[in-house]
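**Student:** Chains as they are written, first to last, in our numbering: chain A, 6 to 229; chain B, 38 to 420.
All residues carry an ideal CB built from backbone N, CA and C; glycine is no exception.
Before anything else, here's the structure in question.
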Ligand SMILES: Nc1ncnc2c1ncn2[C@@H]1O[C@H](COP(=O)(O)OP(=O)(O)OP(=O)(O)O)[C@@H](O)[C@H]1O
Ligand SMILES: [Mg+2]
């Protein structure tokens with residue numbers, strides 16, 4: 006045991022891409038899919054719900070309450086609860102993560118929209134924007150920095166949370182942890198942690214890049 | 038022309054913001070709505086472009102009820118400027134100005150070249166075009182706001198306290214700019230302010246509203262100052278309304294004297310004689326081009342040399358036939374002589390308005406401004 010090194014590079018090389026299920030590269034792809042889908046689906050769901058909450062303010066408090074409760078639920082029992090419905094599939098992991106994403110993104114959409122100065126909104130109306138065009142060309146664009154900040158939180162937490170799915174055999178790179186425990190062999194765990202952290206950094210970096218591309222007006226403000 | 042026909046606005050909570058307003062806004066003129074906070078100025082303005090719909094009455098725009106026009110279409114034909122400029126933070130200055138042309142479906146190139154023209158027209162450098170709004174000062178943003186409102190060349194402009202968030206110096210230059218633009222463009226402008234001085238400076242007509250949304254008086258500025266309809270209007274016009282009214286009295290009633298003017302080449306030995314002949318302790322000195330240099334008191338001067346050897350004292354001028362009696366009076370107050378130097382459009386001296394002639398002109402102005410008999414002085418009643 007004390008002869009066992011923390012990382013055995015030959016093991017990594019042998020298991021990187023075997024073409025079989027369970028190779029490191031296929032786990033990486035799984036991980037990207039299982040964390041990426043909730044981000045995208047979460048955004049798609051949070052946008053209309055958030056906009057509805059802005060339009061009808063009375064919806065917001067109850068919606069936020071429900072979302073907070075969902076966010077507070079520990080993921081493991083939720084997986085267990087979903088198991089009879091979705092089985093040992095990726096969906097069992099993707100569904101709760103999507104709900105978490107929605108819970109974070111609804112307030113981001115609402116905050117982003119309500120942070121738009123009233124005079125800007127009023128002048129858009131006065132210029133003769135019709136409602137749809139105003140939403141797409143003014144309101145959503147101006148809400149983008151806050152929504153993107155929410156997305157960064159969601160991306161990193163999704164990437165990290167996917168590994169919990171390892172408990173039902175659907176943890177993406179998280180499967181490497183269970184593997185390491187079962188075999189009392191640290192290399193897979195180290196590889197898993199390293200790749201998850203790297204993935205989170207890449208995703209966050211990509212979102213920061215996106216933010217700079219899409220909101221140059223906000224970037225200049227920061228550096229000014 | 039815009040016409041308010043018995044317009045009332047009652048908000049959902051029962052507040053009556055505008056009460057049976059009848060008002061005509063003539064084409065090509067600046068009509069100012071002025072009044073204390075909460076008197077319904079913004080509400081009245083926004084009913085014109087249907088950001089608010091009236092509870093009663095109607096608003097006619099060139100004899101068409103605005104309620105029959107689809108709001109976005111109506112608004113694209115009416116420029117709108119507000120206090121904080123309301124620029125879009127995410128669009129460059131150029132694209133901000135081109136907003137309405139884009140909405141109207143102009144092609145990008147035409148929209149942008151129009152926007153660039155307007156940028157210069159409101160006095161901003163073309164380098165500003167690619168900046169974002171937060172990179173501009175408040176005064177510059179306000180200019181962009183005006184350019185944006187003008188971009189699609191709408192016949193009507195609505196301006197809601199557009200200059201009240203900037204410092205007084207910038208405000209004065211923005212006001213001058215608006216007067217200059219209006220002289221070229223002849224838009225139908227409804228301008229809202231709570232500043233009576235701004236109203237009087239800019240308005241061809243000024244409508245004074247009182248809290249509760251009632252029209253107190255509408256008149257041209259000179260009439261308003263000379264004959265306020267009631268105690269409220271008088272109070273609102275402020276204490277120095279008499280002085281301010283002089284801004285609207287032409288200087289043509291001022292008698293000018295040309296015998297008080299001496300060229301700078303005059304020998305000092307003769308200047309005292311001139312002063313004695315014209316019976317004035319002061320003489321105005323002009324250069325070879327007949328431009329003013331200042332005042333001298335011959336009694337205090339040495340006897341040798343020419344006027345070139347002495348330093349004349351400060352002076353004030355007014356442009357004959359263009360400036361008002363107020364400017365002439367101001368010019369007089371800037372001179373130790375108490376007299377104002379009259380110049381022509383080229384800045385050449387054509388004479389001097391003495392204290393006696395100013396006095397006559399003031400007396401004439403006062404006699405032409407009787408308080409109307411049906412509006413007795415009652416400073417204490419509403420005040
Ligand atoms: N949406 C609204 N609901 C209820 N009352 C309103 C609403 N908007 C304005 N009011 C009220 O109507 C009255 C007139 O408001 P308005 O904004 O037209 O005044 P204003 O003359 O523009 O004032 P200010 O100089 O402060 O801008 C005020 O008493 C105001 O409180
Ligand atoms: Mg107002």
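Within the segment 303-371 of chain B, note down every full alpha helix (DSSP H) run reaching 4 residues or more, in order along the chain.
**Tutor:** Correct list: 305-315 and 362-370.
**Student:** Okay, do the segment 139-151 of chain B and the segment 93-102 of chain B touch, 3+ Cβ pairs below 8 Å being the bar?
**Tutor:** No: fewer than three Cβ pairs fall under 8 Å.
**Student:** With a threshold of 7 Å (Cβ to nearest heavy atom), would residue 230/B be considered close to ligand 2?
**Tutor:** No.
**Student:** May I ask you to report which of helix, strand or coil DSSP gives residue 378/B?
**Tutor:** Reduced to three states, the DSSP call for residue 378/B is strand.
**Student:** Which residues, in chain order, does the segment 110-132 of chain A contribute to contact with chain B at a C-beta distance below 8 Å?
**Tutor:** Against chain B - using a Cβ distance shorter than 8 Å - the residues of the segment 110-132 of chain A are 122, 124, 125, 127, 128, 129, 130, 131 and 132.
**Student:** Verify whether the separation of the beta carbon atoms of residue 387/B and residue 329/B is less than 8 Å.
**Tutor:** Their beta carbons are not under 8 Å apart, which means residue 387/B does not touch residue 329/B by this criterion.
**Student:** Is it true that the CB of residue 183/B sits closer than 8 Å to the CB of residue 75/B?
**Tutor:** Contact flag unset, no.
**Student:** Quick check on DSSP: helix, strand or coil for residue 444/B?
**Tutor:** No answer is possible for residue 444/B: the residues shown for chain B start at 38 and end at 420.
**Student:** Using a Cβ cut-off of 8 Å (strictly closer), state whether residue 123/B contacts chain A.
**Tutor:** Answer yes: the Cβ-Cβ gap between residue 123/B and chain A drops below 8 Å somewhere.
**Student:** Quick one, which residues of the segment 76-99 of chain B are near chain A if we go by CB-CB under 9 Å, in chain order?
**Tutor:** The residues in question are 83, 86 and 88.
**Student:** Just the chain B side, please: which residues come within less than 7 Å of residue 34/A by C-beta, in chain order?
**Tutor:** Those do not exist, as residue 34/A stays about 36 Å from chain B at its closest Cβ, beyond 7 Å.
**Student:** Counting only Cβ pairs nearer than 9 Å, list the residues of chain A close to residue 119/B.
**Tutor:** Ordered by position in chain A, the residues that pass the 9 Å Cβ test against residue 119/B are 124, 127, 128 and 131.
**Student:** Between 156/A, 38/A, 19/A and 78/A, which has its C-alpha nearest residue 52/A's C-alpha?
**Tutor:** Closest by alpha carbon: 156/A.
**Student:** Between the beta-carbon of residue 288/B and the beta-carbon of residue 365/B, is there less than 8 Å?
**Tutor:** The answer is yes: Cβ separation under 8 Å.
**Student:** Using a C-beta cutoff of 8 Å, does residue 140/B count as contacting chain A?
**Tutor:** So, interface residue.
**Student:** Which residues of the segment 48-65 of chain B have a Cβ closer than 7 Å to any Cβ of chain A? Give them in chain order.
**Tutor:** Those would be none; no residue qualifies.
**Student:** Measure the alpha-carbon distance for residue 286/B versus residue 108/B and round it to whole angstroms.
**Tutor:** So the two alpha carbons sit approximately 43 Å from each other.
**Student:** Assuming the contact rule is C-beta atoms closer than 8 Å, residue 301/B and residue 344/B should be a hit. Round their C-beta distance to whole Å, please.
**Tutor:** Their Cβ separation, rounded to whole angstroms, is 5 Å, which keeps residue 301/B and residue 344/B in contact under 8 Å.
**Student:** If you reduce the DSSP assignment to three classes, tell me which class residue 107/A lands in.
**Tutor:** DSSP places residue 107/A in helix when its eight states are reduced to three.
**Student:** For residue 218/A, count the other beta carbons within 10 Å of its own beta carbon; 16 or more makes it buried, fewer makes it exposed. Which is it?
**Tutor:** By the neighbour-count rule (16 or more Cβ atoms within 10 Å), residue 218/A is not buried but exposed.
**Student:** Is it a yes or a no for the segment 102-117 of chain B touching the segment 44-54 of chain B, going by three-plus beta-carbon pairs under 8 Å?
**Tutor:** The segment 102-117 of chain B, when compared against the segment 44-54 of chain B, does not touch it at the 8 Å Cβ threshold.
**Student:** Quick one: measure Cβ to Cβ for residue 110/A and residue 48/A, integer angstroms, because I've assumed they're closer than 8 Å.
**Tutor:** Rounded, the Cβ-Cβ distance is 6 Å, consistent with contact.
**Student:** For residue 281/B, which residues of its own chain have a beta-carbon under 7 Å away from its beta-carbon, when the five flanking residues on both sides are left out?
**Tutor:** Excluding positions up to five away in sequence, the list reads 237 and 262.
**Student:** Mind pulling the beta strand (DSSP E) runs of 3 or more residues that sit fully within the segment 50-124 of chain A?
**Tutor:** Listed in chain order, there is nothing to give.
**Student:** For residue 30/A and residue 36/A, what's the separation of their Cα atoms in angstroms?
**Tutor:** Their Cα atoms are separated by approximately 10 Å.
**Student:** Counting only Cβ-Cβ distances shorter than 7 Å, please list the residues of the segment 142-169 of chain A near chain B, keeping chain order.
**Tutor:** Listed in sequence order: 143, 146 and 147.
**Student:** Run down chain B in chain order and give the residues with a C-beta less than 7 Å from the C-beta of residue 222/A.
**Tutor:** Near residue 222/A (Cβ distances below 7 Å), the residues of chain B are 126, 127 and 169.
**Student:** Using a Cβ-Cβ distance cut-off of 8 Å, determine whether residue 104/A contacts chain B.
**Tutor:** Not one chain B Cβ lies under 8 Å of residue 104/A.
**Student:** What does the Cβ neighbour count give for residue 198/B, buried or exposed, with the cut at 16 atoms within 10 Å?
**Tutor:** Burial call: buried.
**Student:** Shorter than 7 Å, the distance from the beta carbon of residue 364/B to the closest heavy atom of ligand 2, or not?
**Tutor:** Checking the Cβ of residue 364/B against ligand 2 gives no.
**Student:** Which of helix, strand or coil does DSSP assign to residue 116/B?
**Tutor:** In this structure, residue 116/B counts as strand in the three-state DSSP scheme.
**Student:** What does a CB cutoff of less than 7 Å around residue 65/A pick up in its chain, not counting 5 residues either side in sequence?
**Tutor:** Contacts found: 58 and 115.
**Student:** When you compare the CB positions of residue 119/B and residue 127/A, do they come within less than 8 Å of one another, or not?
**Tutor:** For residue 119/B and residue 127/A, yes; Cβs fall inside 8 Å.
**Student:** Using 10 angstroms around the beta-carbon of residue 223/B, count the other beta-carbons present and answer buried if the total reaches 16, otherwise exposed.
**Tutor:** By the neighbour-count rule (16 or more Cβ atoms within 10 Å), residue 223/B is not buried but exposed.
**Student:** Report the partner residues of residue 61/B according to the DSSP bridge assignment.
**Tutor:** Per DSSP, 40/B.
**Student:** Kindly give me the distance between the Cβ atoms of residue 228/B and residue 239/B, rounded to whole angstroms, as I take these residues to be in contact under 8 Å.
**Tutor:** Residue 228/B to residue 239/B, Cβ: 6 Å. Contact.
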